[in-house]
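At position 428 of the sequence shown the residue is numbered 589 (the numbering used here), and the sequence of numbers has no breaks.
Here a beta-carbon is modelled for each residue, glycine too, at the ideal position from N, C-alpha and C.
If you're wondering where the values come from, they're calculated on a predicted model, not measured in any experiment.
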Amino acid sequence: MRISLLFLITLFGVSICGYAQNKQLLYDFTEIPQSININPGAEIDYQWFAGVPALSGVSFQAGSSGVSAYDLFANDGLDFNVKVRERLLNGMSTRDELSGTYQLELFNIGFRGKDQNIFYSMGIYHEGDAIGYWFQDYALLAIDGNADQLNRRFDLGDLKTRGEMMNVFHFGINKSIDRKLTLGVRAKVYSSIFDFNSTNNKGFFVTRPGSNNTFSSTLNADMRWRTSGINEIKRALDDGTLGNTIFKRGFFGGNLGVGIDLGFTYKFSNQTVLTGSLLDLGLIYHANDVENYTLVGDVTTEGVEVILPDALVNSNEDFWQNLVDDIEEIVPFENNFNSYITFRPTKLNASIRHNWGEPTLRAANCDCGPYATSSNRVEKFVNGVGAQLYMINRPRGPQTALTAFYMRRFGNFMAVKTTYTIDKFSYSNIGLGLNLQAGPVNLYLLADNLLAYRNIANTRYTSFQLGLNIISWGKN
């Protein structure tokens, strides 16, 4: 039994490594240029910025809403099989997931146009992510079998997983409408490297007492597994050309898609600010290197029927193979090369912030536009406190996180943001972000769930972001 349990856990862990994506520390942290990537309508006060290639934006997130490695492998005196039974099979539900994502900026710049109220930005980033939910009934069927589970329907819809790797090319426009309102829009082109998904499975497997045999088993299946780019990746691994293949497919040699980001900042007053963004309203059309697998049909069988003494006359007959052939004819496992469309996981951010304390910088005191002075730097207060809402569209419905945050600025050279986040991964997620400004050099480091670093194996969520930029505010 231990071998089957290890296989099951390995399958769960290997097949899913993606999709957390909440960047509450970076959101509305406008000292950091990358904040404009998650709110195109963020308030920008610099003349231009340039990210250091491959170092300007590095992020990684991973989480498990069910169990941690410590829950299963800790040397706590409990038998491993008991822990699997209590914490996996009986302790998790089909809404539990294992998730995370990584992102690497390849190129990122922004600059103000002739109209000083308009800020342009553009760049390329590489992203990989996936998500998988706990396949409860599959696990029970694999470990316990069906002999003692008569009349129980094992739900084939428990299998929900998807993953992808891509490059994203983006161009954004940020415009200050007046002193109160800033709007932003960002266009995106997705170049998919590979994709796999199986999220709309239906059907069941059930065993009942048989009429002509001990048991009768029914399989009703409507299942699909769709892939693109996977075969090219496999061939590249065999040929030793993985890097070239990823590069080619990531730069318009794979499957393409389009998307859009929207955002705004609205000031009720200098001290009370509302922000919001809607990210990745887009899709990808998969027609290149596509291979799909389907299992569709309905069959009931009572297993192998041996009729004596007739069976003794034809002793070479393969009863089991005949049974398999009959089932495959009724419920065929087939593959095809049909193109398909995937929609991006749309994300919503919204926040309200109240500022107080002595402003670190003062804006022009006139009605001649927010950038009337020779410097583009605008009024920022020493302290800020607020709340943020985050939602993401997932295969099992929207997922939400709530964050309370506090910001503290130390002159123009350092800013700190601390957060407390509640989501399905943790009720005690405390994060800390640090932004340093040394002349034109900007360095930031953001890390989530700091309390979990006391025991990494026992954490269910971890996240970090770091980057290096060059920023200019123009002439003072």
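Work out the CA separation of residue j and residue i for me, nearest whole Å.
i           : j           : result
residue 492 : residue 455 : 10 Å
residue 571 : residue 543 : 7 Å
residue 203 : residue 515 : 16 Å
residue 563 : residue 629 : 28 Å
residue 596 : residue 521 : 15 Å
residue 288 : residue 222 : 12 Å
residue 256 : residue 248 : 15 Å
residue 371 : residue 365 : 18 Å
residue 416 : residue 555 : 22 Å
residue 402 : residue 615 : 40 Å
residue 490 : residue 303 : 24 Å
residue 190 : residue 551 : 15 Å
residue 393 : residue 217 : 30 Å
residue 339 : residue 324 : 42 Å
residue 373 : residue 458 : 23 Å
residue 508 : residue 391 : 26 Å
residue 632 : residue 451 : 43 Å
residue 359 : residue 425 : 35 Å
residue 641 : residue 192 : Lying before the first or after the last residue shown, residue 641 is absent from the chain, which here runs from 162 to 637.
residue 267 : residue 215 : 5 Å
residue 398 : residue 262 : 22 Å
residue 333 : residue 580 : 28 Å
residue 635 : residue 411 : 35 Å
residue 608 : residue 510 : 19 Å
residue 250 : residue 385 : 25 Å
residue 274 : residue 503 : 35 Å
residue 212 : residue 626 : 14 Å
residue 264 : residue 419 : 18 Å
residue 587 : residue 565 : 14 Å
residue 238 : residue 309 : 29 Å
residue 423 : residue 512 : 15 Å
residue 561 : residue 500 : 32 Å
residue 242 : residue 253 : 15 Å
Could you give the residue range of the alpha helix (DSSP H) that holds residue i?
i           : result
residue 304 : 297-305
residue 574 : Neither: residue 574 is in no alpha helix (DSSP H) and is coded neither H nor E.
residue 609 : From DSSP, residue 609 is part of no alpha helix (DSSP H); its letter is neither H nor E.
residue 244 : 241-244
Taking all protein chains shown into account, do 16 or more other C-beta atoms lie within 10 angstroms of the C-beta of residue i, making it buried, or fewer, making it exposed?
i           : result
residue 361 : exposed
residue 413 : exposed
residue 286 : buried
residue 259 : buried
residue 505 : buried
residue 295 : buried
residue 207 : buried
residue 445 : buried
residue 405 : exposed
residue 433 : exposed
residue 622 : buried
residue 380 : buried
residue 590 : buried
residue 245 : buried
residue 389 : buried
residue 240 : exposed
residue 271 : buried
residue 573 : exposed
residue 305 : exposed
residue 210 : buried
residue 440 : buried
residue 226 : buried
Measure the beta-carbon distance from residue i to residue j and round it to whole angstroms, keeping in mind my assumption that it falls under 8 Å.
i           : j           : result
residue 357 : residue 463 : No, residue 357 and residue 463 are not in contact; Cβ-Cβ is about 36 Å, not under 8 Å.
residue 327 : residue 299 : At roughly 29 Å, the Cβ-Cβ gap does not stay under 8 Å, so residue 327 and residue 299 are not in contact.
residue 545 : residue 568 : 4 Å
residue 496 : residue 345 : Contact doesn't hold; Cβ gap of about 44 Å is too wide.
residue 407 : residue 354 : 6 Å
Identify the continuous beta strand (DSSP E) that holds residue i and give its terminal residues.
i           : result
residue 494 : 494-497
residue 408 : Not the beta strand (DSSP E): residue 408 falls in the alpha helix (DSSP H), residues 403-409.
residue 544 : 541-553
residue 347 : 342-359
residue 396 : Residue 396 -> not in any beta strand (DSSP E); alpha helix (DSSP H) instead, spanning 391-400.
residue 459 : 451-462
residue 370 : 363-370
residue 335 : 322-337
residue 258 : 258-273
residue 587 : Looking at the DSSP string, residue 587 is not in any beta strand (DSSP E), and its letter there is neither H nor E.
residue 196 : Run containing residue 196: none; DSSP gives neither H nor E here.
Compare the C-beta of residue i with all C-beta atoms of chain B and state if any pair is closer than 9 Å.
i           : result
residue 269 : Of the protein chains in this structure there is only one, and it is not chain B.
Hey, is residue i close to the ligand MG, as in C-beta under 8 Å from one of its heavy atoms?
i           : result
residue 558 : In the structure shown, the ligand MG is absent, as is every other ligand, since no ligand is present at all.
Do the stretch 589-603 and the stretch 183-190 touch if we need at least three Cβ pairs shorter than 8 Å? yes
Contact between the stretch 312-326 and the stretch 274-283: three or more CB pairs below 8 Å? no
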